[in-house]
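Contents: one structure, followed by commentary.
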């Protein structure tokens, strides 16, 4: 029930959040919480995993993913998340910071502008492609990735390649009321 209240307060569509047993298929990007990180520009930030909640991503018929946070039925196991689920994450360096989830996609920033064709050529080595340009100049792009830890892994790989100025997951963040 807490998840439904959170979903409504976060402005996501209400839907059945009944407990489901996770599929046993392992997530290929599964790693321990101790190794999770992301790049905020050039700063590497450690991530923690909520052990009480998971995020469910609904992409059906929507231009943007809807996120619903639901209470976990036990310890959150990163290797047991379904393809439409993301761990609920937080920056370890900022206690009390808003929750984060990974609905899919990576935001890539270039030193110099590029066309969509040029971006797709750069991204071919990473087995992904552009979804759309984010800015008018062609320096920032939304890149395709699966939801969940796959997008975090891809963002880190793109950033660490040195090919791009920066790469970060296309984060969903909890709305914090002021």
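Residue numbers (the numbering used here): 14 to 191. Every residue, glycine too, gets a C-beta built ideally from N, C-alpha and C.
Are the region 89 to 96 and the region 124 to 144 touching, with three or more C-beta to C-beta distances below 8 Å?
Contact fails: fewer than three Cβ-Cβ distances are below 8 Å.
Inset, instruction - Let me know if residue 172 comes out buried or exposed under the rule of 16 or more other beta-carbons within 10 Å of its beta-carbon. - result: Along the chain shown, read from residue 1 onward, the residue named residue 172 stands at position 159. Per the 10 Å Cβ criterion, buried.
Presumed contact (8 Å Cβ cut-off) between residue 113 and residue 170, rounded CB distance: Taking the chain shown and counting its residues from 1, the one referred to as residue 113 is at position 100. Taking the chain shown and counting its residues from 1, the one referred to as residue 170 is at position 157. Not quite, the Cβ-Cβ distance comes to about 19 Å (not below 8 Å), so this is no contact.
Quick check on the burial criterion: 16 or more other C-beta atoms within 10 angstroms. Buried or exposed for residue 164? The count along the chain shown starts at 1 and reaches residue 164 at position 151. By the 10 Å Cβ count, residue 164 comes out buried.
* Please confirm whether residue 158 and residue 118 have their CB atoms less than 8 Å apart. => On the chain shown, residue 158 is found 145 positions in, with the first residue counted as 1. On the chain shown, residue 118 is found 105 positions in, with the first residue counted as 1. Cβ distance < 8 Å, so residue 158 and residue 118 count as in contact.
query = How long is the line joining the alpha carbons of residue 34 and residue 115, rounded to whole angstroms?
reply = To locate residue 34, count along the chain shown from 1; it is residue 21. To locate residue 115, count along the chain shown from 1; it is residue 102. Summary for residue 34: the model assigns pLDDT 29, below 50, so the residue's position carries little reliability; its value from the coordinates is reported in the next sentence. Roughly 21 Å between the two C-alpha positions.
Between residue 178 and residue 155, what straight-line distance do the alpha-carbon atoms span, to the nearest angstrom?
Taking the first residue of the chain shown as position 1, residue 178 is located at position 165. Taking the first residue of the chain shown as position 1, residue 155 is located at position 142. When rounded, the distance between both Cα atoms is 14 Å.
Report buried or exposed for residue 62, applying the criterion of at least 16 other Cβ atoms within 10 angstroms of its Cβ. Locating residue 62 in the chain shown gives position 49, where the first residue counts as 1. So residue 62 ends up on the buried side.
Hey, how far is the Cα of residue 126 from the Cα of residue 151? Along the chain shown, read from residue 1 onward, the residue named residue 126 stands at position 113. Along the chain shown, read from residue 1 onward, the residue named residue 151 stands at position 138. Looking at the two C-alpha atoms, the distance is approximately 5 Å.
Contacts around residue 50, its chain only, beta-carbon distance under 8 Å, and the 5 residues preceding and following it disregarded: As a position in the chain shown, residue 50 is number 37, starting the count at 1. Closer than 8 Å at the Cβ level, and outside the excluded window around residue 50, lie 57, 58, 59, 60, 169.
* To do: Look at the alpha carbon of residue 53 and the alpha carbon of residue 111, and state the distance between them as a whole number of angstroms.
  => Locating residue 53 in the chain shown gives position 40, where the first residue counts as 1. Locating residue 111 in the chain shown gives position 98, where the first residue counts as 1. Those two C-alpha atoms are separated by around 15 Å.
When you compare each of 120, 121, 80 to residue 101 by their alpha carbons, which one comes out closest? Within the chain shown, the letter at position 88 stands for residue 101. Of the candidates 120, 121, 80, the one whose C-alpha sits nearest the C-alpha of residue 101 is 80.
Of the residues 66, 188, 107, 174, which one's Cα is nearest the Cα of residue 90?
Sequence index remark: in the chain shown, residue 90 carries index 77 (1-based). Nearest of 66, 188, 107, 174 to residue 90, Cα basis: 66.
Euclidean distance between Cα positions of residue 106 and residue 55
Walking along the chain shown from the start, residue 106 turns up at place 93. Walking along the chain shown from the start, residue 55 turns up at place 42. Going by the C-alpha atoms only, they are around 15 Å apart.
Residue 211 and residue 153 closer than 8 Å at C-beta:
A query on residue 211 cannot be resolved here, the shown segment of the chain reaching from 14 to 191 and no further.
| request: Following the continuous beta strand (DSSP E) through residue 166, name the residue where it begins and the one where it ends. | output: Residue numbering aside, residue 166 sits at position 153 when the chain shown is read from its first letter. Where residue 166 is concerned, there is no enclosing beta strand (DSSP E), although the alpha helix (DSSP H) it sits in stretches over 162 to 174.
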